[in-house]
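Read the structure below first, then the notes.
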């Protein structure tokens, strides 16, 4: 083969390779950072771009789409010394590729650690109950804190979501034990209050019954006194009516006594009239 032909072939191949190296096709959603002789030169946008071969090189290929960053579960201590576990996810977008590659060595790692430390700091300012019920407040504060720090890196924090936040396993057991103790305490208090109320009602009932009994006795005594007074006024010095009344009651009492189941033998006085006169104090 002719040496001249070989040289021409090599030169042609070199030209083709050189042209190929000077053409860069950037896909949609990406931007390429170009360095010229080791220094930043330009940023290639999506589409067909040209660079100077051997002088310019594509040093970084960055996506301009939203990037989700997982923040692994981590423990944090609340203001009242409770341990909770939280994890999150951050959605970021590169708005300045140059700052993203030259302003920080690893922006993903930096943002993940920034979210973790900020999350622990925010939870540390809250008590347990508020931390568990304030996801919106926590994520809003996280976004504000991170946005201020990552501005110099050419990155926009679109949102930060708290995926899960809950007490640690040991804390959950302690809370369950505390809840059980509280339930037992409330049950004992309710039982004691119930017994106290029952005793008060029983005492009030006995007091009311005693009052009613006393009133009944007074009424009965007054009625008896009135009856005796009426009988004494009606009988006066007459013996027969008095003896009749006493005899009637005496006979009724004997009848009741004889009807009792405990009475086996009952002896009547031979002279009932004499017995009645004896009761009346007359002979």
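Residue numbers (the UniProt record's numbering): 1 to 283.
Where a beta carbon is used, it is the ideal one built from N, C-alpha and C, also for glycine.
| Query | Result |
| --- | --- |
| Integer Cβ distance of residue 133 from residue 75, believed to fall under 8 Å | The Cβ separation is near 19 Å, so there is no contact. |
| Element boundaries [alpha helix (DSSP H), containing residue 18] | 3-22 |
| Per-residue DSSP class, three states only, for residue 270 | Caution is warranted here: a pLDDT of 49 is assigned to residue 270, below 50, making its placement in the model unreliable, and the coordinate value is therefore given only provisionally. Residue 270 falls in the coil class under three-state DSSP. |
| Under the three-state DSSP convention, the category residue 37 falls into | coil |
| Span of the beta strand (DSSP E) around residue 124 | Premise fails: residue 124 lies in the alpha helix (DSSP H), 107-124, not in any beta strand (DSSP E). |
| Where the beta strand (DSSP E) through residue 159 begins and ends | 155-167 |
| Continuous alpha helix (DSSP H) stretch holding residue 150: start and end | 135-150 |
| Residue 93 - containing beta strand (DSSP E), residue span | 83-94 |
| Test item: CB-CB of residue 101 and residue 33 under 8 Å | yes |
| Residue 29 and residue 65 closer than 8 Å at C-beta | yes |
| C-beta atoms of residue 22 and residue 67 nearer than 8 Å | no |
| Entirely enclosed beta strand (DSSP E) segments - the stretch 37-80, minimum 3 residues | 39-44, 47-50, 56-63 and 67-77 |
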